[in-house]
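Numbered according to the UniProt record's numbering, the sequence shown spans residues 1 to 566.
Glycine is no exception: its CB is placed at the ideal position from the N, C-alpha and C atoms.
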Amino acid sequence: MALGVSAHPGVDELSTPWQWNPWHVRTEVVPREEVFEEDTALFFASLLLRRDKEWVPVPTPSRRMKMRRHKLFLTLCMAGLCLISFLHFLKALSYVTFPRDLASLSPNLVSSFFWNNAPVTPQVSPEPGGAEFLRTPLYSHSPLLQPLPPSRASEELHKVEFVLPEDTTEYFVRTKAGGVCFKPGTKVLEKPPAGGRPEERVDGVASGRPARKPLSAGGTKRRKWVECVCLPGWHGPSCGVPTVVQYSNLPTKDRLVPRETPRRVINAININHEFDLLDVRFHELGDVVDVFVVCESNFTAYGEPRPLKFREMLLNGSYEYIRHKVLYVFLDHFPAGGRQDGWIADDYLRTFLTRDGVSRLRNLRLDDVFIIDDADEIPARDGVLFLKLYDGWTEPFAFHMRKSLYGFFWKQPGTLEVVSGCTMGMLQAVYATDGIRLRRREYYTMPGFRQYENSTGHILVQWSLGSPLHFAGWHCSWCFTPEGIYFKLVSAQNGDFPRWGDYEDKRDLNYIRELIRTGGWFDGTTQEYPPADPKEHMYAPKYLLQNYQQFHYLLENPYRKAEGAG
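Rendered as structure tokens:
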């Protein structure tokens with residue numbers, strides 16, 4: 001029972017129940033609902049009560065009131081702790097797909113919350129008047145593992161070792177004056193004397209003449225005008241420096257000299273379903289790259305099972321023309337945490353590709369060149385060949401690539417500059433044989449960089465082949481048919497938000513076809529694209545242009561042309 005003190009002794013005593021306490025102070029029995037308002041004034045301050053013209057202290061709070069105060073204090077503390085815990089919980093949930101789906105009211109919220117192993121099937125919205133039929137991609141119905149032919153049933157491609165051969169191609173010829181000229185970049189060597197042999201011409205080397213080793217340009221300095229006459233696009237005393245290097249930011253151009261022994265070039269790629277672009281890469285770089293290290297997983301970047309389509313194509317002869325240069329890497333597991341944080345999966349793909357691939361290469365040298373690309377990044381042949389044949393450049397290096405969207409017909413402003421290469425010595429000593437560190441980490445902050453730099457005897461500075469005006473490769477983003485774009489949407493990692501594959505309307509093939517037609521993006525915006533002409537320099541890799549009909553969907557906008565015809 002709560003106690004209250006009558007502040008008005010003159011009030012009728014019969015109107016309120018009362019009792020006497022040990023201090024002989026008249027007190028009232030106050031209803032419970034009125035206690036809270038009076039408790040604050042009575043028990044948290046020292047008041048005095050006048051009785052018989054004398055002032056006496058108010059009695060101390062009862063035990064019950066002390067308990068109430070303690071309970072109130074504990075309740076406030078617990079509420080604060082719960083609030084802090086809830087905020088931390090929300091922060092942790094920001095890495096999980098469920099709250100993102102909930103926030104965006106994704107239509108596939110319930111289905112995506114559980115693991116779904118069913119094969120994906122693109123959908124087409126009905127259009128009045130009969131829409132053009134867009135077929136379902138074949139790979140969406142493929143089994144997870146393709147059966148091997150009987151003759152190769154025991155073959156394990158992902159365990160085969162690869163021995164790097166020496167490149168014996170004669171890239172340079174020697175002039176009578178003692179100069180060294182790069183054959184593809186030289187128009188005519190020095191003028192042959194009377195009765196001179198026709199083999200002194202670049203294109204007329206006698207077939208019966210024994211091959212010569214390329215010579216270093218070191219030694220006595222020779223006059224350039226008696227050495228080589230360069231073709232357009234080639235520079236330097238030996239006509240072996242391509243335009244993408246001549247107009248680059250390489251700070252050591254005065255130290256460039258031809259090598260006596262060409263380096264070997266290792267090109268590492270992760271593959272999902274970019275098979276047309278992979279075919280283009282093989283033809284663009286097949287004669288200058290010594291081994292293509294290609295990694296395929298039976299999981300998408302999102303963590304869903306996928307068929308080993310590239311493995312099937314290797315075994316059925318689709319890449320027979322280049323198979324002798326392909327080292328197949330198989331990633332048979334999905335990294336822990338990759339489902340919740342897609343960047344874990346994205347990084348791990350490149351780490352596994354590099355370490356597993358390099359561990360199976362034999363006859364490696366520390367000065368061999370390592371280049372790691374995304375499947376939609378294709379370096380230009382001339383730049384890669386320069387890295388193979390010349391000494392004097394620094395590392396790591398990047399490529400300025402021409403950017404395009406949906407096809408080479410939608411040319412985007414600027415270039416994509418991607419750090420993607422170095423020597424094997426730097427890859428092992430500085431980047432711990434981890435390709436993702438090469439692409440995403442500043443080299444000068446890596447442990448071991450200073451020690452490696454001191455071992456080379458030179459200051460190492462990152463540089464880029466090409467420039468914003470001179471492309472050193474191509475980056476063709478989302479360059480697929482509508483079915484291929486659909487598969488890219490549903491395969492995308494869970495880290496590059498917004499993840500457009502979570503939205504049913506974005507997966508509609510007719511919607512995707514409209515994006516290709518207009519050059520728009522999934523957020524509803526449309527860019528201003530500079531004009532692109534298939535006849536312009538570096539419009540697309542040469543193999544694409546030479547096979548125009550086969551790759552016409554990448555070279556011209558098929559839906560805009562159909563619109564004009566209608």
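Collapsed DSSP secondary structure at residue i in the structure displayed
| i | result |
| --- | --- |
| aspartate 368 | coil |
| tryptophan 343 | helix |
| valine 461 | coil |
| proline 198 | Note that proline 198 has pLDDT 38, beneath the 50 cutoff, so the model's placement of it is unreliable and no number is given. |
| leucine 555 | helix |
| proline 482 | helix |
| glutamine 546 | helix |
| asparagine 267 | strand |
| arginine 560 | helix |
| glutamine 428 | helix |
| residue 589 | Coverage of the chain is limited to positions 1 through 566, which leaves residue 589 absent and any answer about it impossible. |
| cysteine 295 | strand |
| tryptophan 234 | strand |
| methionine 78 | helix |
| histidine 470 | strand |
| aspartate 287 | coil |
| valine 418 | strand |
| glycine 435 | helix |
| residue 568 | Nothing in the structure corresponds to residue 568, since the chain is present only between 1 and 566. |
| lysine 187 | coil |
| glutamine 246 | helix |
| threonine 423 | strand |
| glutamine 412 | strand |
| valine 326 | strand |
| threonine 526 | strand |
Distance CB(residue i)-CB(residue j) smaller than 8 Å
| i | j | result |
| --- | --- | --- |
| glycine 342 | alanine 301 | yes |
| valine 257 | tyrosine 171 | no |
| leucine 544 | valine 163 | no |
| glycine 421 | valine 490 | no |
| glycine 457 | histidine 400 | no |
| glutamate 274 | alanine 375 | yes |
| alanine 268 | isoleucine 372 | yes |
| tyrosine 529 | lysine 411 | yes |
| valine 418 | arginine 439 | yes |
| glycine 407 | leucine 509 | no |
| tyrosine 559 | arginine 513 | yes |
| arginine 263 | lysine 183 | no |
| isoleucine 378 | proline 541 | yes |
| alanine 429 | tyrosine 444 | no |
| glutamate 284 | phenylalanine 409 | no |
Closest Cα partner of residue i within the set the options
| i | options | result |
| --- | --- | --- |
| glycine 520 | Ser477, Ile371 and Leu555 | Ser477 |
| arginine 548 | Asp276, Gln428 and Leu515 | It should be pointed out that residue 548 corresponds to tyrosine in this sequence rather than to arginine. If we check each option's Cα against that of tyrosine 548, Asp276 comes out closest. |
| valine 461 | Thr525, Gln412, Pro396 and Pro482 | Pro396 |
| threonine 423 | Tyr431, Leu416 and Glu417 | Tyr431 |
| methionine 446 | Arg402, Leu555 and Met426 | Met426 |
| glutamine 493 | Pro413, Leu308, Leu349 and Leu285 | Leu349 |
| tryptophan 463 | Tyr247, Arg69, Lys176 and Gly286 | Tyr247 |
| phenylalanine 471 | Trp500, Lys535, Asp382 and Val244 | Val244 |
| leucine 308 | Gln340, Asn272, Pro541 and Glu483 | Asn272 |
| serine 359 | Asp505, Arg69, Thr433 and Cys82 | Thr433 |
| glycine 178 | Lys187, Glu166 and Cys228 | Cys228 |
| aspartate 167 | Pro237, Lys176 and Arg259 | Arg259 |
| arginine 402 | Tyr559, Phe551 and His537 | His537 |
| serine 455 | Pro468, Leu366 and Phe386 | Leu366 |
| glycine 303 | Cys82, His333, Thr75 and Leu87 | His333 |
7 Å Cβ shell around residue i - same chain, five flanking residues per side excluded
| i | result |
| --- | --- |
| proline 255 | This sequence places arginine at residue 255; proline is not what is there. Taken in chain order, the residues that qualify are Gly392. |
| glycine 185 | Cys230, Leu231, Trp234, Cys239 and Gly240 |
| threonine 526 | Thr518, Gly519 and Gly520 |
| leucine 353 | Ala268, Asn270, Val293, Cys295, Val329 and Gly435 |
| lysine 488 | Trp478 and Phe480 |
Neighbourhood of residue i by C-beta, 6 Å cutoff - its chain only, sequence neighbours within 5 removed
| i | result |
| --- | --- |
| valine 241 | His235 |
| serine 297 | Leu331 |
| leucine 157 | Tyr328 |
| alanine 345 | Ala301, Pro335, Gly338 and Gln493 |
| alanine 382 | According to the sequence displayed, residue 382 carries aspartate and not alanine. So the qualifying residues of the chain are Pro242. |
| phenylalanine 289 | A small correction: the amino acid at residue 289 is valine; phenylalanine does not occupy that position in the sequence shown. So the qualifying residues of the chain are Val265 and Asn267. |
Residue i at chain D interface by Cβ criterion, 8 Å
| i | result |
| --- | --- |
| leucine 460 | The displayed structure is made up of one protein chain only, and chain D is not part of it. |
Contact belief for residue i with residue j at Cβ below 8 Å, rounded distance in angstroms
| i | j | result |
| --- | --- | --- |
| alanine 380 | glycine 473 | 5 Å |
| arginine 323 | leucine 314 | 6 Å |
| valine 384 | valine 265 | 6 Å |
| leucine 416 | histidine 475 | 4 Å |
| lysine 253 | valine 291 | Contact flag wrong, Cβ pair sits at about 29 Å. |
| glutamate 504 | arginine 362 | Incorrect: roughly 50 Å between the Cβ atoms, too far for contact. |
Check: residue i C-beta below 7 Å from any heavy atom of the ligand MN
| i | result |
| --- | --- |
| methionine 446 | In terms of ligand content, the structure shown is empty, and the ligand MN therefore cannot be addressed. |
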